[in-house]
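Here the protein sequences line up with chains A and B, keeping their order.
Using our numbering, you'd call the opening residue of the first sequence number 256 and step up by one each time.
Using our numbering, you'd call the opening residue of the second sequence number 10 and step up by one each time.
Think of the CB as a built atom: it goes at the ideal place given N, C-alpha and C, for glycine as much as any other residue.
Written out below as structure tokens is the structure these notes cover.
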Amino acid sequence: GNSVTQMEGPVTLSEEAFLTINCTYTATGYPSLFWYVQYPGEGLQLLLKATKADDKGSNKGFEATYRKETTSFHLEKGSVQVSDSAVYFCALSDLSTNAGKSTFGDGTTLTVKP
Amino acid sequence: DTAVSQTPKYLVTQMGNDKSIKCEQNLGHDTMYWYKQDSKKFLKIMFSYNNKELIINETVPNRFSPKSPDKAHLNLHINSLELGDSAVYFCASSQPGQGGSPLHFGNGTRLTVT
């Protein structure tokens, strides 16, 4: 079956530090990959996505590249801000299996300190 | 103009009671979901409906019964509530069949069973 493994947290960084949250996946088909962000007290919202190998998703200074050879989709940001403090979820969706059900990683909590 | 709205936001009740959570989406999506998020932020899919038809039913106790009167609504009824049901429940929608169609989440219902 499909699975997503993401870096365990929590992660604590100082403002303007470089962020990497690792994500690797296992899928039987050709999945689309996503990063979602959850701010305190809110639902998850899409941060970025990539639908095929070598695609790069980007939004709000965050980037992730779909690497089929390493089955990875690592999230990066060059300079984090306090407002980036949130829980980040890596996910995949595979239309060829399970009616396109999304599979989520366990989430990584990021805290950015001033 | 909220895309996915669920009510109530908070629900505090005693063991053994029956409660319902309502969800509505105005995105025109065909598929709706219920997810459960525990205290460690782990997300677990419970149900998925496509155009009012149940397509995903994970191993959820039959005390949980989803109902979809139309494709814009998916409600969740819970009978005989137990302490372990305490969690945040998220409704979501998507338009599968399109490559890379992300989930759109509501802001969650925090259920506390005492």
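Rounding to the nearest angstrom, what Cα-Cα distance links Met41(B) and Asn59(B) in this structure? Spanning the two alpha carbons is a distance of roughly 7 Å.
Is the beta carbon of Thr366(A) less than 7 Å from the beta carbon of Thr267(A)? In this structure, the beta-carbon distance from Thr366(A) to Thr267(A) falls below 7 Å.
Could you check whether the Cβ of Glu297(A) sits closer than 7 Å to any Cβ belonging to chain B? For Glu297(A), the answer is yes, since a Cβ of chain B falls inside 7 Å of its Cβ.
What do you reckon, is the C-beta of Asn116(B) under 6 Å from a heavy atom of the ligand ATP? Looking for the ligand ATP in the displayed structure turns up nothing, as the structure carries no ligands at all.
Ser14(B), DSSP secondary structure in three states: Ser14(B) falls in the strand class under three-state DSSP.
In its own chain, which residues sit with a C-beta less than 8 Å from the C-beta of Glu263(A), not counting the 5 before and 5 after it? Beyond the five residues adjoining it in sequence on each side, Glu263(A) comes within less than 8 Å, by CB distance, of Asp361, Thr363 in the same chain, given in chain order.
For Lys76(B), which of Leu85(B), Lys45(B), Ala96(B) has the nearest alpha-carbon? Answer by Cα proximity: Leu85(B).
Residues in the region 81-93 of chain B having any Cβ partner in chain A nearer than 9 Å: Taking a C-beta cut-off of 9 Å against chain A, none of the residues of the region 81-93 of chain B qualify.
From this set, Thr118(B), Val97(B), Leu92(B), Lys53(B), which residue's C-alpha is nearest Gln23(B)'s C-alpha? By alpha-carbon distance to Gln23(B), the top candidate from Thr118(B), Val97(B), Leu92(B), Lys53(B) is Leu92(B).
Helix or strand or just coil, what does DSSP make of Gly93(B)? In this structure, Gly93(B) counts as helix in the three-state DSSP scheme.
Does the beta carbon of Ile65(B) come closer than 7 Å to any beta carbon on chain A? So yes, Ile65(B) belongs to the interface.
Residue ranges of each alpha helix (DSSP H) within the region 328-352 of chain A, 4 or longer: List check, alpha helix (DSSP H) in window: nothing returned.
For Ala341(A) and Tyr294(A), what's the separation of their Cα atoms in angstroms? Near 5 Å, if we compare the C-alpha coordinates of Tyr294(A) and Ala341(A).
Report the rounded CA-to-CA distance for Gly296(A) versus Phe99(B), giving the unit in angstroms. Taking C-alpha positions only, Gly296(A) is separated from Phe99(B) by approximately 12 Å.
Is the Cβ-Cβ distance between Tyr280(A) and Phe344(A) less than 7 Å? Against a cut-off of 7 Å, the Cβ pair of Phe344(A) and Tyr280(A) comes out as no contact.
Chain A partners of Lys50(B), CB-CB under 8 Å? Residues of chain A with a Cβ closer than 8 Å to the Cβ of Lys50(B) are, in chain order, Gln293, Val342, Asp361, Gly362, Thr364.
Over the uninterrupted beta strand (DSSP E) stretch that includes Thr358(A), give me the two end residues. From DSSP, the beta strand (DSSP E) with Thr358(A) extends over 357-359.
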